[in-house]
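As given, the protein sequences belong to chains H and Z, one line each in that order. Per our numbering, numbering through the first sequence is continuous, rising by one, with the last residue being 476. Per our numbering, numbering through the second sequence is continuous, rising by one, with the last residue being 476. Every residue, glycine too, gets a C-beta built ideally from N, C-alpha and C. Since the structure is predicted, the reported quantities are computational estimates derived from the model, not experimental observations.
Number of protein chains: 2
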Amino acid sequence: MEISERKKLILKAAVEDYIDTAEPVSSKGLLGRLKLGVSSATVRNEMSELEQMGLLEQPHTSAGRVPTAAGYRIYVNELMGQNGVSQEEAQVIAENLQQPNDASDRLVADASKLTSRITALPSYAMRAAPGEVTVQRFELVHIDQHTFIIVMLLSDKRVENRLVTLPTPIQQEILVKLAALFNASFTGKPESDMTTALITATERAAGDTAGLTAVIAGFVIEILMQTKRTHTIVSGASSLLDHPEFRDVEKAQRVLGYLANEQELRNLPAPDAEGVKIIIGPENIAEELKDSSVVVAKYDAGDNMQGIIGVVGPTRMDYSRVAARLSYIAGGLARALSMGIPIGLEEITEGNDDDGR
Amino acid sequence: MEISERKKLILKAAVEDYIDTAEPVSSKGLLGRLKLGVSSATVRNEMSELEQMGLLEQPHTSAGRVPTAAGYRIYVNELMGQNGVSQEEAQVIAENLQQPNDASDRLVADASKLTSRITALPSYAMRAAPGEVTVQRFELVHIDQHTFIIVMLLSDKRVENRLVTLPTPIQQEILVKLAALFNASFTGKPESDMTTALITATERAAGDTAGLTAVIAGFVIEILMQTKRTHTIVSGASSLLDHPEFRDVEKAQRVLGYLANEQELRNLPAPDAEGVKIIIGPENIAEELKDSSVVVAKYDAGDNMQGIIGVVGPTRMDYSRVAARLSYIAGGLARALSMGIPIGLEEITEGNDDDGR
DNA sequence: TTTTAGCACTCTCCTAACAAGAGTGCTAAC
DNA sequence: GTTAGCACTCTTGTTAGGAGAGTGCTAAAA
């Protein structure tokens, strides 16, 4: 069905008015926002037709009208303007994300917190399940007779470590030898390939009878397993209560309960490409989110460092604003993650790369 | 003022009834719980006196009575029984905390989650501000021409690392040299001692003109600064809404807002000794918690690894239950943190230590 | 054909009034 | 010191009525 230009204007105005006020919008109330030279009766007729088309609805007969999910969908797809990010906001985002040389997990957590703060909505972030993480490099750092550190550089550029204390004394030489052997036999192999056979073979090669090889291999496998566990972060959950649609505790509880469940969160849809995905109310598969909306962006920093960051909020949400901020933050996060450039490097790189900034 | 034995029994029964039902308790309702052979009128008289003593109060003239903060305090100090931890709960706690060789931050986070789940209350945990963290050991792991890893063993037994990528090529030999120099000049020194003078001295000793020393020193200082930032974790905030006293969104918002603020959380009192500290309603300094209670336990795993773990909930809270669980979890956490014993070590240590278990 | 003015109609929201119910406080008897 | 009995108080839920906001429809105007 075709929607006339005027209907579009009215729908747009209705959605935006509702976003601002959280109150059903009346035909008269829209007159101020619309600059059409028509009366409220005309607007009323148009709204009535928009209702028949399923884009607006009335909470009850004699109330104003409220956008339906379909109405929001058309607004999001066709009517909403591109919202930019203000100078000040860009500043805040830059300050929060451009702490270089922070551990990547912390950066993602910070980005999530920041998103929540800027959008005033609960935010979630998770690293994409890495295809298959392998070890790129091993190192064993000898500390003392009983203690050493396992350091592993993973294929997604994360560095993992464990401090190990053993009751039996360990010579530095055997650690050096073992590290070399591990680098030879385990690098590039996924956790599933680290079979007992491989471990005992390595053990034999090391001439190790005390089982040290097996112990370290155990650690390695465990660390790799842990990295598989896609870690999910939720920030600012309580900001949900600031929005009038969640004054109803039952409703808030449903959504907050959903957010507290990592398992569930992982089932949320992700944007296919670089863009931002918007899921409006009943479009959500999860029952708990049927009257909430989700806006989610993808970040991709190469080297397998990718993931999603999103917010959950009422269907009455300033989609344009939220989407713009989310996409901006996702971009900043990707940049922060991919640059390994440390503090004070400017002095060194001076004259090396000339894109300034 | 002296409280008669019977008054104590009645106060105890009243508190426990209120904890169970969340409803003001009536004189008649207590008859079932009390096995005294007296009538409701007698109980009524006693309750009236307990009210005059400020231990009970009436929401309004013709309602039952509710314990006051002072009433809870006496209950907590004198009347409440020692609550144990059930077999099954001990099992769950053990399973969740005895994943050895997990990174310590993750262990604390898991303990907080677990606490929230078991108490059905929001839980927070934080590492105590370490007196002054110093570096115990440096290592620089050469990866390729442009990349290396900084590994630092800190005085509180945490291991920190950073992956560094530089545009200028780096020889392995210079890294080895630098690591030795760093170990010589920086170990045991707090971040505040790492002055420019020290750094340039080291730089000169290394014969380093490219400023690599300064770059690494920059990282080291930043990592030490970050470790100072006592990290706070809050889990299960939304479970607050499950309790009837927080059906009032305003009230829930206040407490949740408080919990979301790391700064504030750090001002919460901590238990002096190993025990559990209970802060009841108005005893809280923070305005937002004036009608909530806090139960908090300390964990101490030696080597500067200590901190607190607590819950926040309604003043009507099963203090005995919560305190028992909290103290049990804190103990388990301390044990998990202090043992560096890895998986599968039993085979090696066999016959080495004989405390069985 | 489209727009507009006018007006009846509907529904919510607020308030007041009222009855029912729960629990106490007090008094007088045990 | 304890108890039965009863009046009193306060909450809670229900009902009724009036005000207000906004629509839907009709008939006239553009």
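Element boundaries [beta strand (DSSP E), containing residue i]
{"i": "V270 (chain Z)", "result": "266-273"}
{"i": "F257 (chain Z)", "result": "254-263"}
{"i": "V414 (chain H)", "result": "411-419"}
{"i": "V211 (chain H)", "result": "Note, V211 (chain H): premise wrong, no beta strand (DSSP E); alpha helix (DSSP H) at 206-216."}
{"i": "I193 (chain Z)", "result": "Run containing I193 (chain Z): none in the beta strand (DSSP E); it sits in the alpha helix (DSSP H), 188-193."}
{"i": "S354 (chain H)", "result": "351-354"}
{"i": "L282 (chain Z)", "result": "278-284"}
Element boundaries [alpha helix (DSSP H), containing residue i]
{"i": "V368 (chain Z)", "result": "368-378"}
{"i": "R440 (chain H)", "result": "438-457"}
{"i": "G200 (chain Z)", "result": "Element bounds for G200 (chain Z): n/a, residue is neither H nor E."}
{"i": "V227 (chain Z)", "result": "223-238"}
{"i": "A435 (chain Z)", "result": "The question names Ala, but residue 435 (chain Z) is Arg in the sequence shown. Run containing R435 (chain Z): none; DSSP gives neither H nor E here."}
{"i": "K101 (chain Z)", "result": "Look at the range of chain Z in this structure, 120 to 476, and you will see that residue 101 (chain Z) is not part of it."}
{"i": "V134 (chain H)", "result": "124-140"}
{"i": "V162 (chain H)", "result": "159-171"}
{"i": "S242 (chain Z)", "result": "Per DSSP, S242 (chain Z) belongs to no alpha helix (DSSP H); it is in the beta strand (DSSP E), 242-246."}
{"i": "E381 (chain Z)", "result": "381-384"}
{"i": "S146 (chain H)", "result": "146-152"}
Option in the options with minimal Cα separation from residue i
{"i": "E124 (chain Z)", "options": "Z:E197, Z:N202, Z:S242", "result": "Z:E197"}
{"i": "I262 (chain H)", "options": "Z:T266, Z:V260, Z:Q255", "result": "Z:Q255"}
{"i": "M172 (chain H)", "options": "H:A189, H:M271, H:S304, H:A316", "result": "H:A189"}
{"i": "R277 (chain Z)", "options": "Z:I342, Z:L317, Z:G451", "result": "Z:I342"}
{"i": "N164 (chain Z)", "options": "Z:K154, Z:R152, Z:R184", "result": "Z:R184"}
{"i": "P433 (chain Z)", "options": "Z:F365, Z:E142, Z:L273", "result": "Z:F365"}
{"i": "K296 (chain H)", "options": "H:T238, H:N280, H:T284, H:D327", "result": "H:D327"}
{"i": "A379 (chain H)", "options": "H:T351, H:I398, H:P388, H:I404", "result": "H:T351"}
{"i": "R192 (chain Z)", "options": "Z:I398, Z:R444, Z:A453", "result": "Z:I398"}
{"i": "L272 (chain Z)", "options": "H:E170, H:I269, H:S274", "result": "H:I269"}
{"i": "V374 (chain Z)", "options": "Z:S412, Z:L317, Z:E170", "result": "Z:S412"}
{"i": "E381 (chain H)", "options": "H:V395, H:T349, H:L360", "result": "H:T349"}
{"i": "S439 (chain H)", "options": "H:V415, H:I427, H:A455, H:L456", "result": "H:V415"}
{"i": "E207 (chain Z)", "options": "Z:S231, Z:S167, Z:I237, Z:D229", "result": "Z:I237"}
{"i": "G250 (chain Z)", "options": "Z:G421, Z:F338, Z:F305, Z:L175", "result": "Z:G421"}
{"i": "S311 (chain H)", "options": "H:A336, H:Q291, H:E292, H:A303", "result": "H:A336"}
{"i": "E258 (chain H)", "options": "H:E407, H:A247, H:N280", "result": "H:N280"}
{"i": "S274 (chain Z)", "options": "Z:L282, Z:T306, Z:K154, Z:Q290", "result": "Z:T306"}
{"i": "G392 (chain H)", "options": "H:D410, H:I427, H:L408", "result": "It is Ala, not Gly, that sits at residue 392 (chain H) in the sequence shown. Of the candidates H:D410, H:I427, H:L408, the one whose C-alpha sits nearest the C-alpha of A392 (chain H) is H:I427."}
{"i": "T161 (chain H)", "options": "H:K154, H:L174, H:R152, H:S146", "result": "H:S146"}
{"i": "T266 (chain Z)", "options": "Z:Q210, Z:A247, Z:L226, Z:Q291", "result": "Z:Q291"}
Whole-number beta carbon distance between residue j and residue i, since they are thought to touch under 8 Å
{"i": "P186 (chain H)", "j": "A133 (chain H)", "result": "6 Å"}
{"i": "S354 (chain H)", "j": "S235 (chain H)", "result": "4 Å"}
{"i": "A213 (chain Z)", "j": "G451 (chain Z)", "result": "7 Å"}
{"i": "K131 (chain H)", "j": "Y194 (chain H)", "result": "6 Å"}
Per-residue burial, residue i [other beta carbons within 10 Å of its own, 16 or more giving buried]
{"i": "P286 (chain H)", "result": "exposed"}
{"i": "M424 (chain Z)", "result": "buried"}
{"i": "A371 (chain H)", "result": "buried"}
{"i": "T319 (chain H)", "result": "exposed"}
{"i": "P401 (chain H)", "result": "exposed"}
{"i": "E121 (chain H)", "result": "exposed"}
{"i": "E469 (chain H)", "result": "Low per-residue confidence applies at E469 (chain H): pLDDT is 35, beneath 50, and the placement is therefore not dependable, though the value from the model is reported in the following sentence. It is exposed - the Cβ of E469 (chain H) has fewer than 16 other Cβ atoms within 10 Å."}
{"i": "E465 (chain Z)", "result": "Low confidence applies to E465 (chain Z): its pLDDT is 35, below 50, so where it sits in the model is not reliable, and the reading given next is rough at best. Label assigned to E465 (chain Z): exposed."}
{"i": "D419 (chain H)", "result": "buried"}
{"i": "P143 (chain H)", "result": "buried"}
{"i": "G200 (chain H)", "result": "exposed"}
{"i": "A443 (chain Z)", "result": "buried"}
{"i": "T321 (chain Z)", "result": "buried"}
{"i": "T140 (chain Z)", "result": "exposed"}
{"i": "K417 (chain Z)", "result": "buried"}
{"i": "I129 (chain Z)", "result": "buried"}
{"i": "M344 (chain H)", "result": "exposed"}
{"i": "N386 (chain Z)", "result": "exposed"}
{"i": "T530 (chain H)", "result": "What the structure shows of chain H is the stretch from 120 to 476, and residue 530 (chain H) is not part of that stretch, so it cannot be assessed."}
{"i": "V157 (chain Z)", "result": "exposed"}
{"i": "N471 (chain H)", "result": "In this predicted model, N471 (chain H) has a pLDDT of only 38, less than 50, meaning its place in the structure is not dependable; the value taken from the coordinates is given anyway. Label assigned to N471 (chain H): exposed."}
{"i": "S477 (chain H)", "result": "Any property of residue 477 (chain H) remains undetermined from this structure, which presents chain H solely from 120 to 476."}
{"i": "P241 (chain H)", "result": "buried"}
Those runs of the alpha helix (DSSP H) which lie wholly inside the region 304-337 of chain Z and span at least 4 residues = 315-325
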